[in-house]
Amino acid sequence: MLVELQPLFSTLWVVWFFVLFGGILIWTLKPSRRKDWKRHGEMIFRDGGKG
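Written out as structure tokens, the structure reads:
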């Protein structure tokens, strides 16, 4: 029974992975998050008073 369904499950796994990956990309690259990413990118250049 499960052996016959294995190709279906393999296909569904690939589809699920790409939907999840695409969702993460869309969520991360939203224009509303641009300010956060710019702030995170400049974090290394800030003077933290150490050193």
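Okay, so the sequence shown: first residue is 68 according to the working numbering, each after it adds one. Virtual Cβ for every residue (Gly too), placed ideally from N, Cα, C. The model shown is predicted, which means the values in this text are computed figures rather than measured ones.
Annotation for D103: the continuous alpha helix (DSSP H) segment containing it runs 101-108. Annotation: P74 to R106 spans about 45 Å, alpha carbon to alpha carbon.
The three-state secondary structure of L96, taken from DSSP, is coil. Rounded to whole angstroms, the separation of the alpha carbons of S77 and E71 is 11 Å.
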